[in-house]
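There are 2 protein chains.
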Amino acid sequence: MRHWEAIFLAQEPINVGLLGLGTVGSGVVKLLEQNGTAIATKIGRPLRVARVLVRDTAKPRAVSIAPELLTTDPQQILEDPAIPVIAEVMGGVEPAREYLLTALARGKSVVTANKDLLALHGQELLETARAHGADFFFEASVGGGIPIIHPLKEFLAANRIEQVLGIVNGTTNYILSKMTQEGREFAEALAEAQALGYAESDPRADIEGDDAARKLAILASIAFNTRVTYPEVYVEGITRISSRDILYAGELGYVVKLLAIAREEGGEIEARVHPALVPRQHPLAAVSDVYNAIFVRGDAVGEAMFYGRGAGQMPTASAVVGDLMAVARNLVHGATGQVACTCFRSLPVRPMGRVECQYYLRLTVRDRPGVLASIAGVFGNQGVSLASVIQKRSFDGWAELVLITHRVREASLQDALKIIGGLSVVRAIDNVIRVEEGI
Amino acid sequence: MRHWEAIFLAQEPINVGLLGLGTVGSGVVKLLEQNGTAIATKIGRPLRVARVLVRDTAKPRAVSIAPELLTTDPQQILEDPAIPVIAEVMGGVEPAREYLLTALARGKSVVTANKDLLALHGQELLETARAHGADFFFEASVGGGIPIIHPLKEFLAANRIEQVLGIVNGTTNYILSKMTQEGREFAEALAEAQALGYAESDPRADIEGDDAARKLAILASIAFNTRVTYPEVYVEGITRISSRDILYAGELGYVVKLLAIAREEGGEIEARVHPALVPRQHPLAAVSDVYNAIFVRGDAVGEAMFYGRGAGQMPTASAVVGDLMAVARNLVHGATGQVACTCFRSLPVRPMGRVECQYYLRLTVRDRPGVLASIAGVFGNQGVSLASVIQKRSFDGWAELVLITHRVREASLQDALKIIGGLSVVRAIDNVIRVEEGI
Chain X
102 MRHWEAIFLA QEPINVGLLG LGTVGSGVVK LLEQNGTAIA TKIGRPLRVA
152 RVLVRDTAKP RAVSIAPELL TTDPQQILED PAIPVIAEVM GGVEPAREYL
202 LTALARGKSV VTANKDLLAL HGQELLETAR AHGADFFFEA SVGGGIPIIH
252 PLKEFLAANR IEQVLGIVNG TTNYILSKMT QEGREFAEAL AEAQALGYAE
302 SDPRADIEGD DAARKLAILA SIAFNTRVTY PEVYVEGITR ISSRDILYAG
352 ELGYVVKLLA IAREEGGEIE ARVHPALVPR QHPLAAVSDV YNAIFVRGDA
402 VGEAMFYGRG AGQMPTASAV VGDLMAVARN LVHGATGQVA CTCFRSLPVR
452 PMGRVECQYY LRLTVRDRPG VLASIAGVFG NQGVSLASVI QKRSFDGWAE
502 LVLITHRVRE ASLQDALKII GGLSVVRAID NVIRVEEGI
Chain D
102 MRHWEAIFLA QEPINVGLLG LGTVGSGVVK LLEQNGTAIA TKIGRPLRVA
152 RVLVRDTAKP RAVSIAPELL TTDPQQILED PAIPVIAEVM GGVEPAREYL
202 LTALARGKSV VTANKDLLAL HGQELLETAR AHGADFFFEA SVGGGIPIIH
252 PLKEFLAANR IEQVLGIVNG TTNYILSKMT QEGREFAEAL AEAQALGYAE
302 SDPRADIEGD DAARKLAILA SIAFNTRVTY PEVYVEGITR ISSRDILYAG
352 ELGYVVKLLA IAREEGGEIE ARVHPALVPR QHPLAAVSDV YNAIFVRGDA
402 VGEAMFYGRG AGQMPTASAV VGDLMAVARN LVHGATGQVA CTCFRSLPVR
452 PMGRVECQYY LRLTVRDRPG VLASIAGVFG NQGVSLASVI QKRSFDGWAE
502 LVLITHRVRE ASLQDALKII GGLSVVRAID NVIRVEEGI
């Protein structure tokens, strides 16, 4: 041990109260042990896990931790004046919300990885933090270890952000990557993701898009300085994407991705999560497997992208401990509460019906003359202009059509589809996927 | 104007002294004007350009600025106690260094975009800042508007960084992109870059790799917590890359990029800038035109990438104003000097001869039996193992060979090339380019 290390380790440690010792919590303990000396040197004081809230103190743990640090009583952490900072890695909305509000009200700073909680109660938590001069950081809630929240709040803060958009769910990106690379169907690729631990046994939050919607609510709130909550985000998952859609998209020069998109336009916020056709040459098209990537467009910086592992024990622990270090620096300098809630505006979220998109449509129709004309006629009457119509194959008197529209309001497209779906020559509207051309 | 805006604009402004009113300086003035109200709200106080150091107060300016704010006397800024923060955007080593040391010694915080200065005198400036409790931020010095310095210093700080690597010079990336996409030769592509303003009339600092080397010195110092200065970085530019190399690289599945690479290994730092063959499926291969991208590998976070415009007026201004906002928040909270010099280790830079790489070699040799065997024999005797040898074409009794080696020490490769270059059957060693396979 060298001289400077001895100095920093001799300093009074900063006590961290850990709520939860699951995958991420164990990662935090491991990382603080692994890089503790360098961390102490960087912030001037060691970080010490002083107490850990668990459900069962007797359960065997994946990390070595002194048994006397474990407790099942949250008050032993929340009411301990010797613990100035809490890391919440237990997940779920309650009782996490209640614990964090108590901690903040005691002036403790809080670091959390809990996107479910934030996407619903971010405002309440941030306002409580502000009222008590505490830090409330949540870098780990979006994009795993990728620094995106702090950059948006701090180092891109000189920009008016115009758009934030990306791939923020690793499970669905893995599934779509497998479907694209290996021609699999959705169910097969999902099963493989589950076997590899990339998807949970109950995969709904991922595949239905809800996880991505929660992250988008957080990102949009920060990017546009206005509160966007999870229920306001339009959500469609990837369960209806078939290998056929991916094949046809590829033939047209696109890759299918689950995108989370938020932009400010005309005093309103667009916030939506859905599968989309992305041009193959766009950098997002190259983001494969469990990786995440978030694009930000600012009036000064132009396009910037942040890319990395969006989940996993150690990437998430990296973000949690990074936030703990930021709190610790502020504690050392008596300066917590510097970067508080930035939602100082109040813009409405645009109803999906008024959002303009381009669409890929796959239809099964009667394979006979005049059918195409009648379909095109309906679209025309409804103000939906078609960019291309391609007949992909015919079988048993049916033909499969792929249509790409020009930009049109969602409501107009839905109106047209209602009529088209009722035509006797149309067997099925097999899929409707948005096309994101100019991202 | 809404209520909160009125409140924040009524606060006493924080006075900024601007050193320089060239491209970036004008961008800073423009950005503070454009987004000033939101900036004031985010930090709680307006930022005001209080005085600007220029060479000629009479010169017409691209931005509207009150003439009485302009001065040719640096003391009017450096010695003004009402100016707590300086933004240095004049460039060059002297007198910028002297001005900033003076400002820091007066307790002023400093924001700079000056990579030339930092890559040589970073330590002196950071230590002076620390001694006086001032902030010294330089996000704009690397990667233009892309947040990379703060993320490395702060939000990835829980990681032991293993490697930082990327494309950090937009001019050379533009030239190589044009050569790749359009089959141009170097001189042609350079002329085009100059015509578009992407390359300077004296392009040497870019095309010889020095600009990238300066940025790498800064990145490596932060990533590995040890001082790396510009003269310690091994540098090769792109002037010897021919369209033929790019063609052959493409046939082998690679793209040619100017990479800046730093890693820690065995208690030493590797720091080198040179053209390299990058696998086509690597995300860096897709970084085209003037874009920059920086890959970071940390023991917890895994791979993370930061991508965006690496230069230009407004991206750079975005980073400068972002840093000014960070200083301003610290001033408001009496907490400047929190994130100081992080070079608390002292590791040597590994001499290039001991660095291990893979190599692409292009040779012109006699087109006759036995030549290949004699060349392979020399490589074998020198411990250089060949992964592949391909004869690309023959003409007038000569043959062009492309060889790819396995990983080998630079010194062994150079020894082998000396002998090969002296063989009577070898007309020329046309090019030697490193291959970065496992990045």
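Residue numbers (the numbering used here), protein chains in the order written: chain X, 102 to 540; chain D, 102 to 540.
For each residue, glycine too, the CB sits at the ideal point set by N, CA and C.
Element boundaries [beta strand (DSSP E), containing residue i]
| i | result |
| --- | --- |
| K358(X) | 355-366 |
| K493(X) | 487-496 |
| P376(X) | 369-380 |
| L119(X) | 115-120 |
| E286(X) | That residue, E286(X), is in no beta strand (DSSP E); it is neither H nor E in DSSP. |
| R467(X) | 457-467 |
| V153(X) | 148-154 |
| V533(D) | 527-536 |
Distance between residue j and residue i (C-alpha atoms, nearest Å)
| i | j | result |
| --- | --- | --- |
| L518(X) | V190(D) | 57 Å |
| V150(D) | V503(X) | 57 Å |
| Q112(X) | I144(X) | 11 Å |
| T142(D) | V422(D) | 14 Å |
| F494(D) | I268(D) | Sequence inspection shows Arg at residue 494(D); the Phe mentioned does not correspond to that position. C-alpha separation (whole angstroms): 32 Å. |
| M102(D) | R398(X) | With a pLDDT of only 41 at M102(D), under the threshold of 50, the placement of this residue in the model should not be trusted; the figure read from the coordinates follows. When rounded, the distance between both Cα atoms is 25 Å. |
| F325(D) | L360(D) | 18 Å |
| S525(X) | M415(X) | 56 Å |
| A167(X) | S447(D) | 34 Å |
| K254(X) | C442(X) | 9 Å |
| A306(D) | E169(D) | 36 Å |
| N393(X) | A405(D) | 10 Å |
| V456(X) | K316(X) | 20 Å |
| Q264(D) | G409(X) | 14 Å |
| F496(D) | S475(D) | 20 Å |
| D303(D) | C458(X) | 46 Å |
| P470(D) | E352(X) | 47 Å |
| E537(X) | W499(X) | 29 Å |
CA nearest to the CA of residue i, picked from the options
| i | options | result |
| --- | --- | --- |
| A314(X) | P376(X), Y355(X), S302(X), G284(X) | P376(X) |
| G539(X) | G413(X), T417(X), R364(X), A292(X) | R364(X) |
| T506(X) | Y331(X), L320(X), R446(X), A488(X) | A488(X) |
| L202(D) | L171(D), D236(D), L170(D) | D236(D) |
| G121(D) | A418(D), P449(D), L464(D), R446(D) | A418(D) |
| L266(X) | D497(X), S322(X), G367(X) | S322(X) |
| Q176(D) | R508(D), V164(D), V153(D) | V153(D) |
| G310(X) | F496(X), V334(X), Q135(X), A500(X) | V334(X) |
| G123(D) | R467(D), T138(D), T158(D), N136(D) | T158(D) |
| E511(X) | R528(X), G523(X), M453(X) | M453(X) |
| E180(X) | A204(X), A387(X), V164(X) | A204(X) |
| L119(D) | V155(D), G137(D), V450(D), T138(D) | V155(D) |
Under 9 Å from the C-beta of residue i: neighbouring residues of chain C
| i | result |
| --- | --- |
| E404(X) | Looking for chain C here will not work: the only protein chains present are X and D. |
Limits of the alpha helix (DSSP H) - the one that residue i falls within
| i | result |
| --- | --- |
| G267(D) | Taken as a continuous stretch (DSSP letters only), G267(D) belongs to no alpha helix (DSSP H), being part of the beta strand (DSSP E) at 262-268. |
| F480(X) | 472-482 |
| M426(X) | 414-433 |
| F256(X) | It is not in any alpha helix (DSSP H) - F256(X) carries neither H nor E in the DSSP assignment. |
| A318(X) | 311-325 |
| L504(X) | Looking at the DSSP string, L504(X) is not in any alpha helix (DSSP H); the run it does join, the beta strand (DSSP E), is 499-506. |
| A441(D) | Per DSSP, A441(D) belongs to no alpha helix (DSSP H) and is neither H nor E. |
| T173(X) | Element bounds for T173(X): n/a, residue is neither H nor E. |
| I342(D) | Neither: I342(D) is in no alpha helix (DSSP H) and is coded neither H nor E. |
Query - Within 8 Å of chain X by C-beta, residues of the stretch 434-461 of chain D in sequence order - result: H434, G435, A436, G438, Q439, V440, T443, F445
Query - Residues of the stretch 234-266 of chain X whose Cβ lies closer than 7 Å to any Cβ of chain D, in chain order - result: E240, G246, I247, P248, H251, P252, E255, F256, L257, A258, A259, N260, R261
Query raised in the report: Is the stretch 242-250 of chain X touching the stretch 203-220 of chain X, taking contact as three or more C-beta pairs under 8 Å?
Result: yes
Query raised in the report: Relative to chain X, which residues along the stretch 113-132 of chain D have a C-beta separation below 7 Å, given in chain order?
Result: L132
Report task. Pair every Cβ in the stretch 270-282 of chain X with every Cβ in the stretch 431-444 of chain D, then say whether three or more of these pairs are closer than 8 Å. Result -> no
Query raised in the report: Using 8 Å as the threshold, is the stretch 528-535 of chain X in touch with the stretch 120-132 of chain D, meaning 3 or more CB pairs across them?
Result: no
Query raised in the report: Between the stretch 221-233 of chain D and chain X, which residues of the former have a C-beta closer than 8 Å to a C-beta of the latter?
Result: none
Query raised in the report: Are the stretch 174-188 of chain D and the stretch 422-432 of chain D in contact at 8 Å, needing three or more beta carbon pairs?
Result: yes
Requested in this report: For the stretch 279-297 of chain D and the stretch 336-343 of chain D, state whether three or more C-beta atom pairs, one from each stretch, are separated by less than 8 Å.
Outcome: yes
Report task. With 8 Å as the limit, tell me which residues of the stretch 515-532 of chain D have their beta carbon closer than that to any beta carbon of chain X; keep them in chain order. Result -> none
**Report entry** Proximal residues, the stretch 272-283 of chain D versus chain X, C-beta separation under 7 Å
**Finding:** none
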